[in-house]
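**Q** One structure is given below, represented as structure tokens, and several questions about it will come after.
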Amino acid sequence: MQLRIQRAVLLLPMAVLGVSLSTPAVSQNAMSFFLTSANPGQGADLGGLAGADAYCEKLAAAVNAGGKNWRAYLSATASGGSPAVNARDRIGRGPWHNAKGALVAASVDELHGTNMLNKQTALTEKGEVISGRGDAVNMHDILTGSAPDGRVAMASGDTTCGNWSQSGAGSAVVGHHDRMGLDDSAPAKSWNASHGTRGCGMDALKATGGAGLFYCFAAN
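In my numbering, the protein residues as written are 1463 to 1682.
See below:
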């Protein structure tokens, strides 16, 4: 009897080891929202909406989160016979979670109402926080071209840097990912519709308070 017990004890670690080896070590990346960690390199010239979407996919794929129908949160004005495009209509229904798994918004209506998007939750695809107002380098201006409701901004003049094809003259509406501005007004605290930029090139975007970053959502 004692010999049988000793054999069972010796075999137990091997059984436990076998179970652990069959358990997946890495779970699938569930991220469905992020703020781009860098600009593609041409300021607000993102290659149009298609180019911006492709950039979202590229950044997501680099952190094992590609293939989710990534869409840039950008609006575009009507042009050349093509109708206007609203950012809110491009990003699916939600919910959306950041790289750390935190819920940003459960639906499109919540995203454009009372959401959980702020400096600590608007993380990059790498899970990093982007600096904002009060930091050594302010990069809180996020390209959107949108009104607070997520539809294309209809203010006079350029609001989308030529539908994301210009890196010189022009302007684009931006939001503040840190929900902070010069005062306590609604635009100053808006994540998607705060003000226009001074231009479309990187120097102009930086001078305004940004770095040419934009939001990406998985539309699945």
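Cβ coordinates follow ideal geometry from the N, Cα and C atoms, glycine included.
Since this is a predicted model, take the numbers as computed values, not measurements.
What does DSSP give as the partner residues of residue 1544 in its beta bridges?
**A** According to DSSP, which records beta bridges pairwise, residue 1544 is partnered with 1541.
**Q** Could you check whether residue 1497 and residue 1675 sit closer than 7 Å to each other, using their CB atoms as the reference points?
**A** Against a cut-off of 7 Å, the Cβ pair of residue 1497 and residue 1675 comes out as a contact.
**Q** Please determine, among 1500, 1555, 1525 and 1607, the residue with the shortest C-alpha to C-alpha distance to residue 1539.
**A** Of 1500, 1555, 1525 and 1607, the residue nearest in Cα terms is 1607.
**Q** Is the CB-CB distance between residue 1626 and residue 1637 below 7 Å?
**A** No, these two residues do not count as a Cβ contact at 7 Å.
**Q** So residue 1581 packs on residue 1561, CB below 8 Å; how close in whole Å?
**A** Actually they do not touch by this definition, with Cβ atoms about 14 Å apart.
**Q** Is residue 1555 buried or exposed, if buried means 16 or more other CB atoms sit within 10 Å of its CB?
**A** The residue in question, residue 1555, is exposed, as its Cβ has fewer than 16 Cβ neighbours within 10 Å.
**Q** What does DSSP give as the partner residues of residue 1639 in its beta bridges?
**A** Per DSSP, none; premise fails for residue 1639.
**Q** Between which two residues does the alpha helix (DSSP H) holding residue 1645 run?
**A** Unbroken run through residue 1645: none, as it is neither H nor E.
**Q** Do residue 1567 and residue 1610 have their C-beta atoms within less than 7 Å of each other?
**A** Contact: no.
**Q** Look up residue 1677 in the DSSP assignment and say whether it is helix, strand or coil.
**A** Strand, per DSSP.
**Q** Here's the rule I'm using: 16 or more other beta-carbon atoms within 10 Å means buried, otherwise exposed. How should residue 1667 be labelled?
**A** By the neighbour-count rule (16 or more Cβ atoms within 10 Å), residue 1667 is buried.
**Q** Tell me which residues share the same chain as residue 1584 and place their Cβ nearer than 6 Å to its Cβ, disregarding the 5 neighbours each side in the sequence.
**A** For residue 1584, where only same-chain residues beyond five positions count, the Cβ hits under 6 Å are 1497 and 1639.
**Q** Between the Cα of residue 1684 and the Cα atoms of 1523, 1536 and 1528, which residue gives the shortest distance?
**A** With the chain running from 1463 to 1682 in the structure shown, residue 1684 is simply not present.
**Q** Give me, in chain order, the residues of the same chain whose beta-carbon lies closer than 7 Å to that of residue 1510; leave out the 5 immediate sequence neighbours on both sides.
**A** Cβ neighbours of residue 1510 beyond the five flanking positions: 1625, 1626 and 1627.
**Q** Span of the beta strand (DSSP E) holding residue 1567?
**A** Unbroken beta strand (DSSP E) run through residue 1567: 1565-1567.
**Q** Let me confirm a value: residue 1616 is counted as buried when at least 16 other C-beta atoms fall within 10 Å, else exposed. Which label applies?
**A** The residue in question, residue 1616, is exposed, as its Cβ has fewer than 16 Cβ neighbours within 10 Å.
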